[in-house]
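Notes for the one structure printed next.
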Amino acid sequence: MRKPVIATTACVALLVGLPVAGCGDEEPDATSGSATVGGGESTPATQPAATTSTTTEPAARALVPPPCPPSDNCERASGEILYVERVDPDGDGDAHFVLLSRESITAPGVSVIDVRVDLRPSPLPRPGDQLAASGPVYEGSYGQRQIQADAIRFRRIG
-13 MRKPVIATTA
-3 CVALLVGLPV
7 AGCGDEEPDA
17 TSGSATVGGG
27 ESTPATQPAA
37 TTSTTTEPAA
47 RALVPPPCPP
57 SDNCERASGE
67 ILYVERVDPD
77 GDGDAHFVLL
87 SRESITAPGV
97 SVIDVRVDLR
107 PSPLPRPGDQ
117 LAASGPVYEG
127 SYGQRQIQAD
137 AIRFRRIG
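Note that the sequence shown covers residues -13 to 144 in this note's numbering.
What follows is the structure in structure tokens.
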């Protein structure tokens, strides 16, 4: 893994983590949730406003990662692509993807996938597309954990 991916991973982890970290200290909103009345009973507060979606497309189903072969060091991860390193600085032709991922292989909410040249799709998926991978987890050149993909799946969005 190279410095741009590490810097991007760190920025993504901060951007994802900061809003979540601030959620616990918020005061209840008077327009949603519940309110305590008198002897500690909880009663519904005013009804929240109805929400409408302007999106005409149904939400995409989660992309299921390929299965792991029998191995003690195989992990699976999937998620939305946040960053693509299309040109590999060391010239071996692999591609690197930073995913917003529940599996959290690299950092909380983030998984980095290293896709070797023979698995590299053409054209490459873009940020916003979905990618799923399985393979051994190795330490990258800067100490980060990343999946060295043995198998990938992807879905183009839009």
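We put the beta carbon where it would ideally sit given N, CA and C, even for glycine. From a predicted model like this one, the values you see are computed outputs, not experimental measurements.
_Taking the straight line between their C-alpha atoms, what separation do you get for residue 120 and residue 75?_
As the crow flies, the alpha-carbon of residue 120 is around 24 Å from that of residue 75.
*Would the beta-carbon of residue 81 fall within 7 Å of that of residue 106?*
A contact, by the Cβ cut-off of 7 Å.
*asked:* Using only the alpha-carbon positions, how far apart do residue 93 and residue 55 sit?
replied: Taken atom to atom, the span from the alpha-carbon of residue 93 to that of residue 55 is near 24 Å.
*Beta carbon of residue 101, beta carbon of residue 138: below 7 Å?*
In terms of Cβ geometry, residue 101 and residue 138 form a close pair [threshold 7 Å].
*Nearest-angstrom beta carbon gap, residue 117 and residue 86 [assumed within contact, 8 Å]*: With 8 Å as the limit, residue 86 and residue 117 do not qualify as a contact, their Cβ atoms being about 10 Å apart.
*Check whether the Cβ atoms of residue 48 and residue 99 sit closer than 7 Å, and answer yes or no.*
No.
*Given that a residue counts as buried once 16 or more other Cβ atoms are within 10 Å of its Cβ, and exposed if not, what is residue 125?*
Residue burial annotation: residue 125 is exposed, with fewer than 16 other C-beta atoms found within 10 angstroms of its C-beta.
*residue 50 burial status per 10 Å Cβ neighbour count (16 or more: buried)*: With fewer than 16 other Cβ atoms within 10 Å, it is exposed.
_Extent of the continuous beta strand (DSSP E) run through residue 126_ = Residue 126 -> no beta strand (DSSP E), and no H or E assigned at all.
_Endpoints, the beta strand (DSSP E) within which residue 60 is located_ = From DSSP, the beta strand (DSSP E) with residue 60 extends over 60 to 71.
_Assuming the contact rule is C-beta atoms closer than 8 Å, residue 114 and residue 66 should be a hit. Round their C-beta distance to whole Å, please._
In this structure residue 114 is in contact with residue 66, their Cβ atoms being roughly 7 Å apart against a cut-off of 8 Å.
_Sequence-distant residues of its chain with Cβ nearer than 7 Å to residue 143 (five each side left out)_ = Contacts found: 46, 114, 115 and 116.
*Determine the extent of the beta strand (DSSP E) in which residue 86 is found, giving its start and end residues.*
For residue 86, the enclosing beta strand (DSSP E) begins and ends at 81 to 86.
*Helix, strand or coil for residue 48, going by three-state DSSP, please let me know.*
The three-state reading of DSSP puts residue 48 in coil, since its state is none of H, G, I, E or B.
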